[in-house]
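Each residue of the sequence shown is one higher than the one before, counting from 7 in the working numbering. What follows is a short report on a single structure.
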Amino acid sequence: MSTLSTRYTLTQSQKMMIFVLSMSLYGLSNMFTELIPSIQLGPIELSVEYFAFIPLTLCMLFHPLYAAVGASVGEIIFGELMLGQFGGIGELEKFITFSLAMYTAGRMVSDPTNKRQVGIAAMTGVAIHQLLSSIVDVVKVWVGVEELEAVKGLAESIVIIEGVGFLNDVLFSGILFALLPTLYLVPRLYGKIEPLLGMRPRHKDTKYEMSNWLSPKFIIMGVVLALLAVGAEVMSETEWSFGEWELPFAESSESTLIWVSIAAAAVIAIVTIFILRSKASKSANRTDTKNA
């Protein structure tokens, strides 16, 4: 069989471990961003949006689908549910846009040692997420389900506001907390971390089970998911919203709940890494026994 026809496949157990690892690590990082204060420079607020390098690195080194979805689930579990709150159907928008952005970034990288590929993919992933989020906010104002406080009665001004926010998030959080760490981690971890977790490294000539990422099927699916995200967020601002809830003590106990969430995410991450290491060690022992 030629190298070009080789498929990059993982067992169901490995896929689940990637999902759980991404979920716990990104959930853990999200809690730390809650503790970092923002900096106000005139009308511009500089804040750490997220540590996007964690899901980006996992998506580029492992299977992007399970790493991307795992990170989004981690944000919901550790950043919402464990803090005693849930946004209902509105959470679907964040889940879809973030998963789609991280998955696309992971699929763009065929060679994790190629820093140019890694850099372009990292910035593209952040840009896609921020662009989709900005479009959702603009649509909500134009549809009329959300009132714009900046310039009352001038809905067009939302485009300028969201445009400035988009550039701020991409150039600040995107470069500092996505591009630079991802550029450093991916080439250095490639080929070293996978064997420790019992997985073989991706090869630039191998392909996923799915077709080429920039295919008509993928583009159509991406557009459909984006429209679904917009619809869910618009619905969340209307009387048709459902699923929202918040514990009575959530606001008063926010600090305590954040640390509880951090502890839970850390425990799950450590246990997952330990299990992966144990499986890799057993696999290596079996191989040595066969060769003996």
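Backbone N, C-alpha and C fix where the C-beta goes; we use that ideal spot for every residue, glycine too. Note that this is a predicted model, so its numbers are computed, not measured.
Residue closest to residue i, alpha-carbon to alpha-carbon, out of the options
| i | options | result |
| --- | --- | --- |
| valine 170 | Leu189, Tyr196, Tyr190 and Leu137 | Leu137 |
| valine 192 | Ala127, Met37 and Pro118 | Pro118 |
| isoleucine 264 | Met22, Glu40 and Ser105 | Glu40 |
| valine 54 | Phe38, Cys65 and Leu67 | Phe38 |
| glycine 197 | Pro207, Leu203 and Tyr190 | Pro207 |
| serine 284 | Met129, Tyr56, Gly204 and Ile134 | Gly204 |
| leucine 177 | Ala271, Ile45, Ser221 and Met129 | Met129 |
| lysine 121 | Tyr190, Leu87 and Ile134 | Tyr190 |
| tyrosine 32 | Gln20, Gly249, Ile45 and Pro61 | Pro61 |
| lysine 288 | Met227, Leu202 and Val229 | Leu202 |
| valine 132 | Thr63, Val145 and Gly249 | Thr63 |
| valine 240 | Leu98, Leu186, Gly228 and Ile134 | Leu98 |
| isoleucine 268 | Glu86, Ser19, Met66 and Thr17 | Glu86 |
| alanine 272 | Thr244, Lys223, Tyr56 and Phe84 | Phe84 |
| leucine 186 | Gln18, Phe57, Pro222 and Ser242 | Phe57 |
| threonine 244 | Val147, Thr17 and Arg113 | Val147 |
| arginine 113 | Ser179, Leu220 and Asn36 | Leu220 |
| isoleucine 274 | Gln18, Gly80 and Thr17 | Gly80 |
| aspartate 175 | Leu195, His135 and Cys65 | His135 |
Cα-Cα separation, residue i to residue j
| i | j | result |
| --- | --- | --- |
| glutamate 168 | isoleucine 281 | 44 Å |
| leucine 182 | proline 43 | 16 Å |
| glutamate 200 | alanine 286 | 9 Å |
| serine 261 | leucine 89 | 9 Å |
| leucine 3 | phenylalanine 59 | Lying before the first or after the last residue shown, residue 3 is absent from the chain, which here runs from 7 to 298. |
| lysine 100 | isoleucine 24 | 20 Å |
| isoleucine 82 | methionine 22 | 18 Å |
| leucine 10 | glutamate 257 | Unreliable placement is indicated for leucine 10, whose pLDDT of 43 sits below 50; the coordinate value is still reported in the next sentence. Rounded to whole angstroms, leucine 10 to glutamate 257 spans 54 Å at the Cα level. |
| glycine 237 | phenylalanine 68 | 31 Å |
| valine 266 | serine 78 | 19 Å |
| threonine 15 | proline 70 | 12 Å |
| threonine 188 | alanine 111 | 11 Å |
| isoleucine 45 | leucine 34 | 22 Å |
| serine 259 | serine 30 | 22 Å |
| alanine 184 | leucine 234 | 26 Å |
| glutamine 20 | valine 165 | 43 Å |
| phenylalanine 172 | lysine 223 | 28 Å |
| arginine 194 | histidine 209 | 15 Å |
| isoleucine 102 | tryptophan 246 | 20 Å |
| glycine 249 | glutamine 18 | 31 Å |
| isoleucine 373 | cysteine 65 | Nothing can be reported for residue 373: it is not among the residues displayed for the chain, which extend from 7 to 298. |
| serine 8 | alanine 270 | Only weak support is given to the placement of serine 8: the predicted model assigns it a pLDDT of 40, under 50, and the value that follows is read from those uncertain coordinates. Computed Cα separation, rounded: 45 Å. |
| asparagine 36 | serine 179 | 13 Å |
| arginine 228 | valine 145 | The identity of residue 228 in the sequence shown is glycine, whereas the question assumes arginine. Cα-Cα distance, rounded: 18 Å. |
| alanine 232 | serine 242 | 15 Å |
Limits of the alpha helix (DSSP H) - the one that residue i falls within
| i | result |
| --- | --- |
| glycine 33 | 18 to 41 |
| threonine 188 | 186 to 195 |
| phenylalanine 104 | 97 to 114 |
| methionine 241 | 222 to 242 |
| methionine 66 | 59 to 67 |
| glutamate 200 | 199 to 202 |
Delimiting residues of the beta strand (DSSP E) encompassing residue i
| i | result |
| --- | --- |
| asparagine 92 | The sequence given here has phenylalanine at residue 92, not asparagine. Element bounds for phenylalanine 92: 91 to 93. |
| glutamate 257 | No beta strand (DSSP E) holds glutamate 257; DSSP gives it neither H nor E. |
| glutamate 86 | Careful: glutamate 86 lies outside any beta strand (DSSP E) and carries neither H nor E. |
| glutamate 250 | 250 to 252 |
For residue i: DSSP bridge partner residues
| i | result |
| --- | --- |
| isoleucine 181 | DSSP output for isoleucine 181 lists no bridge partner at all. |
Check: residue i C-beta below 8 Å from any heavy atom of the ligand ADP
| i | result |
| --- | --- |
| glycine 169 | In terms of ligand content, the structure shown is empty, and the ligand ADP therefore cannot be addressed. |
**Request:** Decide yes or no for the touch test of the region 78 to 96 against the region 139 to 147: beta carbon pairs closer than 8 Å, at least 3 of them.
**Result:** no
**Request:** Answer yes if the region 116 to 134 comes into contact with the region 251 to 261, meaning at least three C-beta pairs across the two stretches below 8 Å, and no otherwise.
**Result:** no
**Request:** Evaluate the contact criterion for the region 109 to 117 versus the region 268 to 283: three or more CB pairs, one atom per stretch, below 8 Å.
**Result:** no
**Asked** How about the region 66 to 79 and the region 101 to 110: do they share at least three Cβ pairs that are nearer than 8 Å?
**Response** yes
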